[in-house]
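Here the protein sequences come in this chain order: S, P and A. Position 200 of the first sequence, counted from 1, bears residue number 224 in this note's numbering, the numbering being contiguous throughout. Position 262 of the second sequence, counted from 1, bears residue number 265 in this note's numbering, the numbering being contiguous throughout. Position 60 of the third sequence, counted from 1, bears residue number 369 in this note's numbering, the numbering being contiguous throughout. First comes the structure, then the notes that go with it.
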Amino acid sequence: MATVPSIEIAIPETLPRVRGRGPAFWRFVRKNPLGAAGGLLVVLLLGAALFADVLATHNPIRTSSRVLVAPGADFWLGTDNLGRDLWSRVVYGSRISLTVGLASTLLGALVGGLIGLVSGYVGGWTDLVAQRLMDIMQALPILVLALVLAAALGPSLTNTVIAISVVIAPRAARVVRASVLAIREFVYVESARALGVSHARVALRHILPNTFGPFIVLVTAQLGGAILAEAALSFLGLGVPEPYPSWGRMLSIAAAEYAQKAPWLVIYPGLAISLAVFGTNLLGDALRDTLDPRLRGS
Amino acid sequence: MRTYVVKRLLIAGVTLLGMSLLLFVLMRLAPGNITDIIFESAGYVDEADRLKLEVELGIDRGRWLGDFVRGELGKSYRYDLPAWEVIKPRLPVTLELAVLAMGFSVLLGVPFGVISAARRGGLIDYVLRVVSLAGLSMPSFWLAMIVILLLVRSMGWIPSMTYVSPFDDLRANLAQFLLPALAVGYRSSALIMRITRSTMLEVLREDYIRTAWAKGQRGRQVVWRHALKNASLPVVTLIGIEFAFLIGGLIVTETVFNLPGVARYLVDAIQFRDYPIVQNLAMLIAVVVVFANLTVDLLYTWLDPRIKYGA
Amino acid sequence: MTRPRPFLPLLPLTAVLVMLLAVAPATGQGPGTPKHGGVLTASPLSATPSLSPHEESTIATVQQASPCFNNLVYFDPTKRQESADTLIPELAEKWSWQDGNRTLVFQLRRDVKWHDGKPFTAQDVKYTFDVVRGAPDAKAKLKVNPRKLWYENVEAIEAPDAATVVFRLKHPQPSLLLMLASGYSPVYPAHVPLAEFKNRCVGTGPFKLKENKPGELVEYVRNPDYFVKGRPYLDGIKFVVIRDRSTQIAALQSGQLDAAGSGWNKTNAENAKGGAGKLVIVEADSNVNDNVLVNFKRAPFTDVRVRRAINLALDRKAYLVGPRQGAATFGGALLPKPAGVWGLPASEVATLPGMGDPAKQKAEARKLLAEAGFGPGKPLTITVSTRALAIYVDTASWMVDQLQQIGVEATLEQIETGVWHPKMTRLEYQVALNLTGTGIDDPDAQLFENYRCGSQRNFSGYCSETIDRLMVEQSQTLDPKKRLALVNEIDRRLQADGARPILGWAKQYYVHWPYVKGWAVHDNSIYNVSRRQDVWLDR
């Protein structure tokens with residue numbers, strides 16, 4: 025997965041304020057041309073997912089007698105072995121990848137983040153137990169854990185989301201916990217407590233907002249990985265089932281049967297995955313550069 | 004230091020135990036067990052016979068906790084052979100692939116990272132960054148498929164589909180492993196490149212480097228001698244963690260290149276509900292990962308006294 | 310005076326020779342004297358769970374275990390259509406029906422040894438088939454026994470002497486002989502425990518097991534003491550498991566495989582040849598069909614109109630083009646002629662639901678659904694279940710699309726391998742797409758397994774007493790013409806009832822290098838050609 029390994033993320037002494045639009049946006053683009061390019065790819069991905077109905081030329085699950093047709097005027101990217109239009113399937117596949125990717129990343133990050141917040145703030149035994157739990161889940165490589173989960177739960181859209189989010193949660197927990205630990209020591213938090221503000225309020229109003237930066241970095245960093253994980257699971261047969269057109273599953277069937285006769289079946293879905301992940305990675309890198317001063321200049 | 008090591012070992016032990024319990028429960032949550040698989044390939048189901056078989060194999064509901072305690076290093080349900088006997092011949096394959104892939108990733112990643120850092124902001128930097136990020140963005144199985152497609156199209160040749168041991172024929176063996184190792188290594192090299200680059204950049208800003216520069220030593224010597232030495236630390240850390248990343252890539256690569264390794268076998272075992280194999284293999288992987296992490300952490304702590312290890 | 314024409318008689322001879330030479334490559338058996346030696350490498354359909362044909366139902370096991378065993382009788386590898394007329398002796402030298410066709414007596418060979426050197430006797434035959442039929446006094450018990458019902462008509466088996474074995478039946482059953490000739494009916498040694506057959510093989514066959522790496526490789530070496538002198542030609546056979554189909558193709562093209570050990574679909578075969586022009590493709594029919602399971606016990610499928618609507622909606626010609634890529638034949642419950650022996654005539658097949666004009670049939674389907682109470686306001690929702698394997702999923706996806714075209718809200722459910730048969734057996738589905746292969750092209754096997762009330766593989770829950778009676782009647786009919794008429798009558802009724810709509814019977818494509826000779830292929834079964842004792846390498 026495309027993730028920065030666990031380097032402690034430092035919280036700056038003064039918290040970065042979100043500037044207004046306009047000039048800052050262009051400054052971002054000029055300073056991070058790669059990030060902007062990544063952003064563009066992400067926008068394209070979103071666009072494809074949102075406007076799939078308009079962009080697609082055919083019904084993605086409608087079979088026809090025009091099987092294994094090479095890319096041309098009728099079928100922009102050719103057809104597969106059931107005569108389904110590949111372009112339409114790739115376009116609709118963006119919905120699956122984006123849905124699963126975002127849902128699992130957000131779910132994992134939120135659940136993990138919550139665990140990290142509580143664990144970091146409360147400390148003590150809770151922290152110890154939570155940490156060991158996270159360690160256990162991270163002891164297994166991503167794909168292995170996701171595989172076992174997918175096998176246990178069965179191949180479906182929801183279960184794929186759950187399986188991948190379980191894998192992401194520990195990473196989110198670790199990041200949030202680290203920033204919570206750092207912020208906890210700030211003077212103003214101590215003074216708030218001294219003033220009698222409840223723990224929950226302190227956690228929610230003071231600490232949580234300051235974890236946003238690293239959180240966003242984490243989400244964008246993990247999104248690419250989530251998309252790849254879904255592709256790998258579907259490739260191995262345990263991901264999103266038919267009739268949803270999943271890019272990963274398109275590759276598994278194509279690879280098994282028709283790679284040589286119809287290489288477009290292998291090239292385009294894989295290209296789609298790569299571009300989507302590439303875009304999110306580039307954007308994630310740029311965001312990290314902007315929001316995390318310690319790694320600025322990389 | 005000693006208490007730290009002991010403490011980490013204890014934690015590692017607890018982690019492994021917890022993980023095996025988690026796996027144990029998860030596998031049994033999955034619908035169907037080996038008796039279903041056995042009847043499956045027979046093409047019919049006789050519930051009475053199947054229940055008898057369950058009891059015979061010892062996987063009926065009541066006894067699973069006992070199995071867990073006993074560690075179930077027993078027999079593969081699917082092949083009716085001792086689990087270790089089935090896993091053993093597959094280990095060297097995955098090991099060789101992993102080592103070669105790691106080798107490629109370091110061979111490609113470190114120099115590229117250094118060059119990229121040294122030429123920061125320049126064209127080379129951008130190109131290398133894009134290329135390495137592309138490697139991280141591609142699904143490893145897709146890369147493998149494209150490679151085979153190109154090979155067959157252009158040269159009509161693919162690496163041997165029957166495993167050749169390096170002791171039997173080293174050349175054939177290397178020919179067989181070269182491409183899969185590259186496919187897996189390319190992705191890992193991207194990660195190493197990025198870390199090498201960012202660490203190098205940080206080190207390059209360090210005061211003593213600036214001092215050395217001001218003292219007039221040649222730019223390149225500065226970079227190579229001081230920076231590399233100090234940047235090696237995080238890279239070593241990463242190499243240790245790499246194993247965990249690698250395994251995902253190994254699973255799909257072994258499938259596409261038809262290598263009879265443990266990674267691919269794990270997928271099969273899950274599909275066939277061969278609990279003992281899944282448990283054993285997952286434990287094996289976890290042990291490797293946990294102890295790699297532990298070793299790296301200790302190495303890290305030992306090499307850099309600035310980092311405290313009280314966490 | 311007309312000159313004598315000495316060459317005239319040679320003309321028909323030449324014509325015949327030319328025809329033979331033209332036909333020969335298609336059957337993969339070229340002229341020339343067989344050469345001894347060489348090891349053949351092939352990739353089977355998949356890894357086999359065990360080397361015990363009596364305990365499995367997958368072609369993968371038959372492919373990889375048949376070289377090790379022999380049957381009492383076998384189907385002649387060189388005759389493409391299997392039937393009672395193509396039986397050849399293997400372990401039995403002679404056989405005869407006696408006692409009003411209720412007793413089958415075999416005279417066995419006396420010169421056969423098991424691979425471990427012990428002599429083969431009638432006791433081994435009695436042992437094997439007592440075990441398989443689940444006789445109360447059988448010396449062992451199979452953990453799983455998929456073909457027990459093949460032998461339910463056997464009352465007793467006797468071995469009066471070392472070279473004679475007698476099967477006593479309750480009723481006459483001509484099909485029993487064919488069942489004994491199937492790749493699923495080898496003879497096991499009585500002196501080897503059943504558990505051994507999971508990973509080892511002790512047989513009488515042309516090849517001895519050299520190495521077995523479960524899940525990866527099964528390797529055989531020539532049996533020098535084989536009772537057929539001069540066979541096998543090969544020094545050995547190697548089955549290498551390659552999971553990925555495109556990798557299999559690449560391996561064949563690059564010469565790492567001598568033959569694809571299993572039948573491929575048309576696209577893959579053409580693919581392979583496209584990259585290596587010298588490869589030989591042999592087209593064959595098979596008795597594997599795609600069929601639709603409709604749950605007879607669940608509403609609204611209890612309504613015959615709903616069942617018929619579903620059947621009508623599935624346009625068979627589109628099925629041929631799409632999921633099958635032009636490689637299938639249409640028929641009823643038995644494999645159609647000319648490949649099969651018992652199929653309905655083509656004129657009748659053409660009138661079955663789904664065979665007619667698609668627009669008209671879909672309109673008729675909509676009407677039926679409306680009559681049954683479904684329509685645009687109240688659409689019928691169906692979950693189509695299928696196994697999570699590429700060949701199933703493709704056809705099922707096509708099915709979903711066809712059903713949607715008659716206004717049904719259809720979705721696909723993929724069921725993982727381990728739970729497929731249990732779910733089907735327990736009728737936990739609405740409509741399912743299924744693939745069925747039967748060991749032999751025979752009404753007893755086909756009908757009893759799939760259509761009899763309460764049969765374990767009667768996954769649709771179909772039950773008709775009339776059909777059951779007719780089934781028993783045809784099983785005991787000795788006159789082939791009368792029997793065919795009865796079988797066709799049963800088939801007709803099954804199709805009218807929509808017991809298990811057949812989408813089509815698959816064609817298989819066998820690909821190998823031209824130097825591989827004697828690679829037998831049959832048209833009405835894929836299970837009974839894997840002995841491979843006549844295969845030789847011309848190089």
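Built from N, CA and C at the ideal position, the CB exists for glycine as well. Remember, it's a predicted structure, so these values are computed and weren't measured experimentally.
Just mark residue i as buried or exposed, buried being the case when its beta carbon has 16 or more other beta carbons within 10 Å.
i	result
S/V153	exposed
A/R616	buried
P/L181	exposed
A/T342	exposed
A/Q817	buried
A/H363	buried
A/L317	The predicted position of A/L317 is uncertain, since its pLDDT is 49 and thus under 50; no value can be drawn from it.
P/L152	buried
A/T638	buried
P/R208	exposed
A/K790	exposed
A/C377	buried
Between the Cα of residue i and the Cα atoms of the options, which residue gives the shortest distance?
i	options	result
S/A300	S/L126, S/S89, S/S112, S/R51	S/L126
P/V292	S/P165, S/S143, S/L74	S/P165
S/D109	S/G96, S/I240, S/P57	S/G96
A/G640	A/G564, A/E680, A/D599	A/D599
P/S143	P/G251, P/I288, P/Q282	P/G251
A/K669	A/A741, A/L623, A/I397	A/L623
A/L644	A/V658, A/M733, A/P667	A/V658
A/P541	A/F610, A/P789, A/K344	A/K344
P/Q274	S/V172, S/Q162, S/S258, S/S189	S/V172
A/P647	A/V496, A/A608, A/D594, A/M664	A/D594
S/L69	S/A255, S/T304, S/A283, S/Y145	S/T304
P/T256	P/N296, P/V96, P/L287, P/T202	P/V96
A/G631	S/T87, S/L181, S/I188	S/T87
A/W573	A/V589, A/S563, A/G564	A/V589
Please check the pair residue i and residue j, which I expect to be a contact at CB under 8 angstroms, by giving their CB distance rounded to whole angstroms.
i	j	result
A/D750	A/N833	4 angstroms
S/L242	S/A202	Not quite, the Cβ-Cβ distance comes to about 11 angstroms (not below 8 angstroms), so this is no contact.
P/Y82	A/N508	6 angstroms
A/N604	A/L736	6 angstroms
A/I558	P/N261	Not quite, the Cβ-Cβ distance comes to about 12 angstroms (not below 8 angstroms), so this is no contact.
A/S706	S/L101	Not a contact, Cβ separation roughly 18 angstroms.
P/S163	A/Q565	6 angstroms
P/L100	P/L287	Going by Cβ atoms, the distance from P/L100 to P/L287 rounds to 15 angstroms, so no, they are not a contact pair.
What are the partner residues of residue i, as DSSP defines its beta bridges?
i	result
A/D847	Paired residues: none, contrary to the question.
A/R696	A/I724
A/A594	The amino acid at residue 594 of chain A is misidentified as Ala; the sequence shows Asp. A/D594 is bridged to A/K816.
A/R531	A/F516
A/F415	A/W404, A/V474
S/D109	S/T103
A/G682	Paired residues: none, contrary to the question.
A/E798	Answer is none; A/E798 lacks a bridge partner.
A/G545	A/V348, A/V530
A/H821	A/A568, A/V589
A/W573	A/Y818
Report the neighbours of residue i on chain C: residues whose CB is nearer than 7 angstroms to its CB, in chain order.
i	result
A/I551	Among the protein chains in the structure shown, which are S, P and A, there is no chain C.
query: In chain order, which alpha helix (DSSP H) runs of at least 4 residues are fully inside the segment 274-302 of chain P?
result: none
- request: Pick out the complete alpha helix (DSSP H) segments inside the segment 434-501 of chain A, 4 residues or longer, and give them in chain order.
  value: 484-489
field: Segments assigned beta strand (DSSP E), at least 3 residues, entirely inside the segment 162-219 of chain S
entry: none
- prompt: What runs of the beta strand (DSSP E), each 3 residues or longer, lie entirely inside the segment 727-800 of chain A?
  reply: 740-746
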